[in-house]
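> All you need for this note's numbering is the position in the sequence shown, starting with 1, plus 40.
The structure is given below, and queries will be raised subsequently.
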Amino acid sequence: MRFCKNCGHEATLKSDTKDIRYICENCGRAEKVKEMKLDKIYAYIAMDNQGNEAIVAASIGEIIMPLVMGDRLRVESYREIALEVGRTENVPIRLVEFTKRSDIERVY
Numbered sequence: 041m042r043f044c045k046n047c048g049h050e051a052t053l054k055s056d057t058k059d060i061r062y063i064c065e066n067c068g069r070a071e072k073v074k075e076m077k078l079d080k081i082y083a084y085i086a087m088d089n090q091g092n093e094a095i096v097a098a099s100i101g102e103i104i105m106p107l108v109m110g111d112r113l114r115v116e117s118y119r120e121i122a123l124e125v126g127r128t129e130n131v132p133i134r135l136v137e138f139t140k141r142s143d144i145e146r147v148y
């Protein structure tokens, strides 16, 4: 969560084709996000009758994509897809947030 430096109200993350900005709904101030660092990852998780969990995946276009996101904008954009999977498969779907980051190795 980020707060407006101008008026102190909560600023909402917004995206367009050029960039990502925090916009204050109160005063309209926009602050461009200079660098996105993945310190949180969100995922939609399904649970079966035995309590086993799995990451929800869905067909998006011609590919099957796991519903794992690096920011809240993607969380909201995939919400309807997660709901549809839950309805179709008749399983509960949860949104989870992973917050502890450990860089294990540099691959390249």
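Even for Gly, the Cβ is constructed at its ideal location relative to N, Cα and C.
On a predicted model such as this, the values are computed, not experimentally measured, just so you know.
1) Name the two residues that bound the continuous alpha helix (DSSP H) containing Val-136.
2) Could you pull out every unbroken beta strand (DSSP E) segment of at least 3 residues lying fully inside the region 87-113, listed in chain order?
3) Run through DSSP, which three-state label would Ser-55 get?
4) What does the Cβ neighbour count give for Gly-86, buried or exposed, with the cut at 16 atoms within 10 Å?
5) Per DSSP, what kind of secondary structure is Ile-121 in: helix, strand or coil?
Reading from the atomic positions:
1) The residue you call residue 136 lines up with position 96 of the sequence shown. From DSSP, Val-136 is part of no alpha helix (DSSP H) but of the beta strand (DSSP E) over 133-138.
2) As far as the region 87-113 is concerned, its whole beta strand (DSSP E) runs of at least 3 residues are 93-95, 97-100 and 103-106.
3) Locating residue 55 in the sequence shown gives position 15, counting from the first residue. Ser-55 carries a strand assignment under DSSP once its states are collapsed to helix, strand and coil.
4) Start at 1 with the first residue of the sequence shown, and residue 86 comes out as number 46. It should be noted that the sequence gives Ala, not Gly, for residue 86. With 16 or more other CB atoms across the displayed protein chains lying within 10 angstroms of its CB, Ala-86 is buried.
5) Working through the sequence shown from its first residue, we reach residue 121 at position 81. Reduced to three states, the DSSP call for Ile-121 is helix.
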